[in-house]
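Enquirer: Sequences listed follow chains X and L, in order. Start counting the first sequence at 1; every next residue gets the next number (this note's numbering). Start counting the second sequence at 1001; every next residue gets the next number (this note's numbering). Glycine included, each C-beta is placed from N, C-alpha and C at the ideal position. Got a structure for you, questions after.
Protein chains: 2
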Amino acid sequence: MDGRPTLQSVADRASVSRQTVSNVLNAPHLVRPETLDRVRSVIDEVGYRPHGAARQLRTRRSQVIGLRLQPSADGVNGAVLDRFMHALTEQAQVRGYRIMLFTAPDDHGEIAQYSELLDTLELDAFVLTSTHRGDARTRWLADRGVPFVTFGRPWDPPDGDGDGTDAVASRHAWVDVDGAHGTRTAVEHLQGLGHSRIAFLGWPVGSDVGDDRRAGWRRAMRASGVADHELDALDVGVEDGVANGGQAARRLMDLLAPTAFVCASDSLALGALAATRSVTGSGPGSTIDGAVGVAPAVIGFDDTPVARAVGLSSVAQPLTEAAGQALALLLDQLSGQRPGDEPPLDLPDDRHVLLCPSLAIRSSSRIHG
Amino acid sequence: MDGRPTLQSVADRASVSRQTVSNVLNAPHLVRPETLDRVRSVIDEVGYRPHGAARQLRTRRSQVIGLRLQPSADGVNGAVLDRFMHALTEQAQVRGYRIMLFTAPDDHGEIAQYSELLDTLELDAFVLTSTHRGDARTRWLADRGVPFVTFGRPWDPPDGDGDGTDAVASRHAWVDVDGAHGTRTAVEHLQGLGHSRIAFLGWPVGSDVGDDRRAGWRRAMRASGVADHELDALDVGVEDGVANGGQAARRLMDLLAPTAFVCASDSLALGALAATRSVTGSGPGSTIDGAVGVAPAVIGFDDTPVARAVGLSSVAQPLTEAAGQALALLLDQLSGQRPGDEPPLDLPDDRHVLLCPSLAIRSSSRIHG
DNA sequence: GTACGCGATTTGATCGCTCCAATACAGCCC
DNA sequence: GGGCTGTATTGGAGCGATCAAATCGCGTAC
């Protein structure tokens, strides 16, 4: 009566043994139906819940997934990872897993945290974000057979130095959103509205994510017959930020007078939006008049809350879907892996999920001059 | 050699007993210095780390703190809680605690999660956000003697129905930011720049946080001799949102032509900023000319990334400090409480921390006409 | 000389669960 | 009825740590 109900106390009350109660919960098919019912009603009656630590001590599984909080990217973006985390937490919870947070100053520190979390708390898996070329984290985890998924493709070239190690190491499970597809959709949407001089306002060449988004714009433009030298002129790369976006947009408008901007981020788009609106004097959603003085259309990327707030069209990542897929990939690894076993060597290649973003159309791309 | 190092394996290697190794880690003062050194060097050598689940099973403490993720407030705000969470995770980590996430559709569901998390994982404490009047969560936790802190004051009236239960229940540990102080500082800053007709753009009366911020503005205005009927005219309450902020600002400008706006959120401020700038045609930071046509100053609240991006002055909450204080209050409760003990009945009243926000001054409040 | 006190260390028990091997019991065939 | 198969259930062992109590060595007091 005193203290929390335990497997033994439930067993006594139901006149069975410990193990039978355990089986009722973990392997019901082994228990005779009438015994099942009886034990279950006792469980409900006393409100029994298994003790996680005790179970973990025996099974070597914690049912907990680790996630590193990024050091708060102080931009308009950054909310993306937070939203992903929300979705992940929700999805994990319904599948019987929990999310544990940790922080680290850099990748090296993150690996140190992996080590500690695995040794002391025996986390079952990790979700990695912000992957990049030559990511030491994926290598470390893969070498130790720790289940993990990355939100973001491994951007390493598919075939490294020929010895195949890199290829194997980067053949891990991942989920990502097709950025190129997003910008292409944006371009096509604008073309459908009659635009043809569509500029790309992105980051400097060299960031994989940025180049991917640029490539989508480029392909769509080229497909509609725009020449390469013209594309080069319409293609701008600046560091992320509202101010930078505004400056770059103004410069482009002076030189080439594009009728629309496709941007690599909402920050850049926000700057462009302000620049285009202040020059022409017409706010988003204002009336159309003739040809001159109509503000160019602007489309951002990531569909952050700010975009929603100011009526900025934006490419929206399916973050809930991404989180769901990430978890599915993780559970796949977890189910096939008994604590002591080695991870299977030749993994199926269908552990990659590339999702298509959608376009949230708002007033910043509804009108056309 | 095989398997992870355990307390026993370290003990064997150092030619001492299990318990001595345990003491080296948990009660070094009980161990003779030379033994201490010897055992410690073995620990380092084999890389021993205590196993959390085993420890928890015995001590009934998990060293884990629970935090509910709010269902992603889809505004410009909401980032506030995310930033608080970042700080909390960081602070907890250096003190040997971890943050575990969970979600719930409402307060009732949140309580159900508490129950489950306490029974199965034995979380040591919880951090609550978004507290409100008659919050069932704090009551539930307090009744069960579960340590917790809220980020946000209990807004219940100090003396309930006279039976004292509410007063006791709400006398829990909390950390909050003095919103009134923030808006007062904003007003004083504006007055220092020569402003006198300063409007308040807030939420409808009835939300405790909003009324607090309103009160700060009101007090500062009254202190400088503004009559009450004038204050009522300068005081607007609308639902949060950029569009609402813009509309309300425009209306105020038509009626009363205030020279400055103090807002209850960055969303409202953003709307006001757009409205003031589009009417006069001068962007933030543009040149001053005479008296007519100069854009009113605008100050927001929460210092969200967007504010930083568009040059909006804003009242900044000290979130890192808040997280640190919250944890200090928690650890205070945790240290004084042995697993089986009852919580102390008469708690000290110094478990409330009210922090002062600071003002981030940017271009939206630098000029004055 | 025995008793006592005190610090350092060891031993046995225990937390709540699952794994494993052993057992009881039914049904079936010869 | 004996032997076999397969299913339902049982008891013992152990996961890795801490707690509580026992033990040991040694100096001091009576």
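1) For chain L, check one thing: does any of its Cβ atoms lie closer than 8 Å to the Cβ of I99 (chain X)?
2) Report the residues of the region 1011-1031 of chain L with a CB closer than 9 Å to any CB of chain X, ordered along the chain.
3) So, for S1265 (chain L): in the same chain, excluding its five sequence neighbours on each side, which residues have a beta-carbon less than 7 Å away from its beta-carbon?
4) Using a Cβ-Cβ distance cut-off of 8 Å, determine whether V306 (chain X) contacts chain L.
5) Return helix, strand or coil for M1253 (chain L), following the three-state DSSP convention.
6) So within the region 1189-1248 of chain L, which uninterrupted alpha helix (DSSP H) runs reach at least 4 residues, ignoring any that extend past its ends?
7) Compare the beta carbon distance of D82 (chain X) and D1124 (chain L) with 8 Å and say whether it is the shorter of the two.
8) If you check the beta carbons only, do V1298 (chain L) and L1312 (chain L) fall under 8 Å apart?
9) Using 8 Å as the limit for Cβ to Cβ distance, is F1200 (chain L) near chain X?
10) Based on Cα-Cα distance, which residue from L:Q1070, L:V1262, L:R1308 and L:G1245 lies nearest to A1274 (chain L)?
11) According to DSSP, is H132 (chain X) helix, strand or coil?
12) For the region 1242-1270 of chain L, which residues have a CB atom closer than 9 Å to at least one CB atom of chain X, in sequence order?
13) Go ahead and label E1045 (chain L) buried or exposed: buried means 16 or more other beta carbons lie within 10 angstroms of its beta carbon, across all protein chains shown.
14) So that I know if they touch, is there some Cβ in chain X lying closer than 8 Å to that of A1053 (chain L)?
15) Mind listing the chain L neighbours of V310 (chain X)? Cutoff is C-beta to C-beta under 8 Å, in chain order.
16) Going by C-alpha to C-alpha distance, which of X:I65, X:V205, X:A27 and X:V94 sits closest to A1104 (chain L)?
17) Assign H1029 (chain L) to buried or exposed, taking buried as 16 or more other Cβ atoms, counted over all protein chains shown, within 10 Å of its Cβ.
18) Strictly below 9 Å CB to CB, what residues from chain X border F1151 (chain L)?
19) Using the beta-carbon of each residue, which ones in chain L are nearer than 8 Å to P50 (chain X)?
20) Assuming P1071 (chain L) contacts H1181 (chain L) under a Cβ cut-off of 8 Å, what Cβ separation, rounded to an integer in Å, is found between them?
21) Just curious, the beta strand (DSSP E) that G1324 (chain L) is in, first and last residue?
22) For A11 (chain X), name the three-state secondary structure that DSSP assigns.
23) Nearest by alpha-carbon distance to Q1325 (chain L): which of L:V1080, L:T1035, L:A1053 and L:A1092 is it?
24) For a test of the three-state rule: what should DSSP assign to H1086 (chain L), helix, strand or coil?
25) In or out: S144 (chain X) buried (at least 16 other Cβ within 10 Å) or exposed?
26) Please state if the CB of S365 (chain X) and the CB of L190 (chain X) are separated by a distance shorter than 8 Å.
27) When the cut-off is 8 Å and only beta carbons count, does T183 (chain X) lie next to chain L?
28) Looking at G1237 (chain L) and G1205 (chain L), is the spacing between their C-beta atoms short of 8 Å?
29) From R1004 (chain L) to R60 (chain X), what does the alpha carbon distance come to, in whole angstroms?
30) What residues in its chain sit with their C-beta under 7 Å from that of G340 (chain X), if we drop five residues either side in the sequence?
31) Please decide whether A1079 (chain L) counts as near chain X, where near means a Cβ-Cβ distance under 8 Å.
32) Quick check on the burial criterion: 16 or more other C-beta atoms within 10 angstroms. Buried or exposed for Q1063 (chain L)?
33) Tell me whether the beta-carbon of D232 (chain X) lies closer than 8 Å to the beta-carbon of G179 (chain X).
34) Could you check where the alpha helix (DSSP H) with S1041 (chain L) kicks off and where it finishes?
35) In the DSSP assignment, what are the bridge partners of C1263 (chain L)?
36) Check whether the Cβ of S1364 (chain L) lies closer than 8 Å to any Cβ atom in chain X.
Expert: This is what the structure holds:
1) Start at 1 with the first residue of the first sequence, and residue 99 (chain X) comes out as number 99. For I99 (chain X), the answer is yes, since a Cβ of chain L falls inside 8 Å of its Cβ.
2) Under the 9 Å Cβ criterion, the region 1011-1031 of chain L contributes no residue.
3) For the purposes of this step, residue 1265 (chain L) is taken as the residue at position 265 of the second sequence. N1077, D1240, G1300, F1301 and D1302.
4) Residue 306 (chain X) sits at position 306 when you count from the first residue of the first sequence. At least one CB of chain L lies nearer than 8 Å to the CB of V306 (chain X).
5) Indexing the second sequence from 1 puts residue 1253 (chain L) at position 253. Collapsing the DSSP output to three states places M1253 (chain L) in a helix.
6) Here the runs fully enclosed are 1208-1223 and 1228-1234.
7) Position 82 of the first sequence, counting from 1, holds the residue named residue 82 (chain X). Position 124 of the second sequence, counting from 1, holds the residue named residue 1124 (chain L). Contact flag unset, no.
8) Counting from 1 along the second sequence, the entry for residue 1298 (chain L) is found at position 298. Counting from 1 along the second sequence, the entry for residue 1312 (chain L) is found at position 312. A contact, by the Cβ cut-off of 8 Å.
9) Taking the second sequence and counting its residues from 1, one reaches residue 1200 (chain L) at position 200. Not one chain X Cβ lies under 8 Å of F1200 (chain L).
10) What you label residue 1274 (chain L) is simply residue 274 of the second sequence in a count that begins at 1. Closest by alpha carbon: L:G1245.
11) Position 132 of the first sequence, counted from the start, is the residue given in the question as residue 132 (chain X). DSSP places H132 (chain X) in the coil class of the three-state scheme, outside both helix and strand.
12) Those residues of the region 1242-1270 of chain L that come within reach of chain X (Cβ to Cβ, closer than 9 Å) are V1242, A1243, S1267 and L1270.
13) Stepping through the second sequence from its first residue, residue 1045 (chain L) is reached at position 45. Around the beta carbon of E1045 (chain L), fewer than 16 other beta carbons sit within 10 angstroms, so the residue counts as exposed.
14) Sequence index remark: in the second sequence, residue 1053 (chain L) carries index 53 (1-based). Interface residue, yes.
15) The residue given as residue 310 (chain X) occupies position 310 in the first sequence. Correct list: V1242, L1270 and A1274.
16) Counted from its first residue, the second sequence places residue 1104 (chain L) at position 104. Residue X:V94 is the option with its Cα nearest to A1104 (chain L).
17) Start at 1 with the first residue of the second sequence, and residue 1029 (chain L) comes out as number 29. Looking at its Cβ environment, which holds fewer than 16 other Cβ atoms inside 10 Å, H1029 (chain L) is exposed.
18) Here residue 1151 (chain L) corresponds to residue number 151 of the second sequence, with the count starting at 1. Going along chain X, no residue has its Cβ under 9 Å from F1151 (chain L), so there is no contact; the nearest lies around 16 Å.
19) Numbered from 1 along the first sequence, position 50 holds the residue referred to as residue 50 (chain X). Result: T1120.
20) Counting from 1 along the second sequence, the entry for residue 1071 (chain L) is found at position 71. Counting from 1 along the second sequence, the entry for residue 1181 (chain L) is found at position 181. With 8 Å as the limit, P1071 (chain L) and H1181 (chain L) do not qualify as a contact, their Cβ atoms being about 29 Å apart.
21) Reading the second sequence from its first residue, position 324 is the one you call residue 1324 (chain L). Not the beta strand (DSSP E): G1324 (chain L) falls in the alpha helix (DSSP H), residues L1319 to S1335.
22) Within the first sequence, numbered from 1, the residue matching residue 11 (chain X) stands at position 11. Correct three-state label for A11 (chain X): helix.
23) Here residue 1325 (chain L) is taken as the residue at index 325 of the second sequence, counted from 1. Here the closest residue by C-alpha is L:A1092.
24) Counting from 1 along the second sequence, the entry for residue 1086 (chain L) is found at position 86. In the three-state reduction of the DSSP assignment, H1086 (chain L) falls in the helix class, which pools H, G and I.
25) Numbered from its first residue, the first sequence carries residue 144 (chain X) at position 144. Residue identity check: residue 144 (chain X) is Arg in the sequence provided, not Ser. R144 (chain X) is exposed by the Cβ-count criterion.
26) Working through the first sequence from its first residue, we reach residue 190 (chain X) at position 190. Working through the first sequence from its first residue, we reach residue 365 (chain X) at position 365. If you check the CB distance, L190 (chain X) and S365 (chain X) come in under 8 Å.
27) Here residue 183 (chain X) refers to the residue found at position 183 of the first sequence. With 8 Å as the cut-off, T183 (chain X) does not count as an interface residue toward chain L.
28) Position 205 of the second sequence, counting from 1, holds the residue named residue 1205 (chain L). Position 237 of the second sequence, counting from 1, holds the residue named residue 1237 (chain L). Going by the sequence as given, residue 1205 (chain L) is Val instead of Gly. Between V1205 (chain L) and G1237 (chain L), the gap from beta carbon to beta carbon is short of 8 Å.
29) Within the second sequence, residue 1004 (chain L) is the residue found at index 4, counting from 1. Within the first sequence, residue 60 (chain X) is the residue found at index 60, counting from 1. For R1004 (chain L) and R60 (chain X), the gap between their C-alpha atoms comes out near 12 Å.
30) Translated into positions along the first sequence, residue 340 (chain X) becomes position 340. Only weak support exists for where G340 (chain X) lies, its pLDDT of 44 falling under 50; the value from the coordinates is given anyway. So the list is empty, once near-sequence residues are dropped.
31) What you label residue 1079 (chain L) is simply residue 79 of the second sequence in a count that begins at 1. Interface residue, yes.
32) In the second sequence, residue 1063 (chain L) corresponds to position 63, counting from 1. Q1063 (chain L) is buried by the Cβ-count criterion.
33) Position 232 of the first sequence holds residue 232 (chain X). Position 179 of the first sequence holds residue 179 (chain X). For the 8 Å CB-CB criterion, D232 (chain X) and G179 (chain X) do not form a contact.
34) The residue you call residue 1041 (chain L) lines up with position 41 of the second sequence. For S1041 (chain L), the enclosing alpha helix (DSSP H) has its first and last residue at P1033 to V1046.
35) Position 263 of the second sequence, counted from the first residue, corresponds to residue 1263 (chain L). In DSSP, C1263 (chain L) forms a bridge with L:L1201.
36) Here residue 1364 (chain L) corresponds to residue number 364 of the second sequence, with the count starting at 1. At a cut-off of 8 Å between beta-carbon atoms, S1364 (chain L) makes no contact with chain X.
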